[in-house]
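To keep things clear, I will list the structure first and then write my remarks on it.
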Amino acid sequence: MMNRPALTFKERLTEYEKLMRLDKPIGILLLAWPTLWGLWLSSIGSPDFIVLWVFVIGLVLMRSAGCVVNDYADRKFDPHVERTKNRPLAAGRVSEKEALILAAALALSAFVLILPLKNLLLIELSVAAAFLAASYPYTKRFLAIPQAYLGIAFGFGIPMAYAAHLDAVPPIAWLLMAANVFWAVAYDTEYAMVDRADDMKIGIKTSAITFGRYDVMAVMICYGITLALLGLVGWKLHLYWPYYLGLAAAAGVAGYHYTLIRARDPARCFKAFLHNNWFGAAVFAGMIAGLSPRFQ
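Sequential numbering of the sequence shown, starting at 6, is according to my numbering.
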């Protein structure tokens, strides 16, 4: 077998960028929205500026680390899936050692970032968040719905936000995170519907496979539960009426997704997955307005 030509420094950086999915920011956005929900609600609409930027930079670093770990965990599977066969690790353009070093460096950077906040609870929660991010890729081997685990991992910025602002994690934070879990099951099932045929061949477990012919119904039920839980959050916090307009807009986005996924066409399912950015944005916009006294 011929050796592959050595990459230049610029080419190697490009491969690292692809490995971290910085060229595909949807994952960062889907992680950012619940984190921003937590930051705004825990601060009653006035997040600490330093805390805000620590979380924004931290979520980019942790999302990038999670992508590297995911590709490392799936390095034996990805070459057999049409959509992932050309990823840097699967294609052999980045070595396993490089991937592990990069993931460790990103995770360590994110951890160091929160140390100046001098919040022990936040530090403890960050360790749990790192474990969730690192272990999620392996849940596809044994969990019937690994998307629920993803929802916990992607929503862990919520209790961390409350810890950063209040040095405590009240029940409302866990209710908000539960809403994110159901949202993650909805959007990541849409994502899994794209790869269902390949995943069945290689033995990976996903919600799209578990739900089977009820996949579309399950996605819409999860959207409904998400909106119901978010409505309960708004009621408990006495948010003003614009918040519910935001939820109505998010419901409209979910309804549009039904038109995309009902025929189970992979391209349209992937479009629905990407479009979830607007679901999260609608909720956040409503949240900002719903916390504003001008709408009282």
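No residue lacks a Cβ here, since even glycine has one placed at the ideal position from N, Cα and C.
For TYR219, there is no enclosing alpha helix (DSSP H), as DSSP marks it with neither H nor E. C-alpha of HIS170 to C-alpha of SER47: approximately 6 Å in a straight line.
For ALA153, same chain residues with a beta-carbon under 7 Å away, outside a window of 5 residues either side, are VAL186, VAL190 in chain order. The C-alpha of LEU27 lies about 17 Å from the C-alpha of ALA109.
In this structure, the CA atom of ARG269 is about 10 Å from the CA atom of ARG218.
Assignment of HIS243 by DSSP, reduced to helix, strand and coil, places it in the coil class. Less than 7 Å divides the Cβ of ILE163 from the Cβ of ALA178. The DSSP assignment places no complete run of the beta strand (DSSP E) inside the stretch 94-172 (cut-off: 3 residues). Counting C-beta pairs with one atom in each stretch, the stretch 242-250 and the stretch 195-208 have fewer than three that are closer than 8 Å, which means they do not touch. One thing to note: PHE60 has its Cβ no nearer than 7 Å to the Cβ of THR89.
Inter-residue distance for GLU129 and PRO142 is about 22 Å (C-alpha atoms, whole angstroms). Distance from the Cα of PHE159 is smallest, within the candidate group ASP220, LEU118, ALA135, ILE150, for ALA135.
Annotated as proximal: LEU44 and ALA166, with beta-carbon spacing under 7 Å.
Selection ALA272, ARG98, PRO84, ILE55 evaluated against GLU20 yields ARG98 as nearest (Cα-Cα). ILE226 has its alpha-carbon roughly 32 Å from the corresponding atom of MET25. By the neighbour-count definition (other C-beta atoms within 10 Å, threshold 16), ASP172 is an exposed residue. Look at ILE209 here: in three-state DSSP terms it is coil, with no helix or strand label. Per DSSP, reduced to three states, the secondary structure at MET25 is coil, with no helix or strand assignment. Just measuring C-alpha positions, the residue of LYS23, LEU234, ILE33 sitting nearest PRO93 is LYS23.
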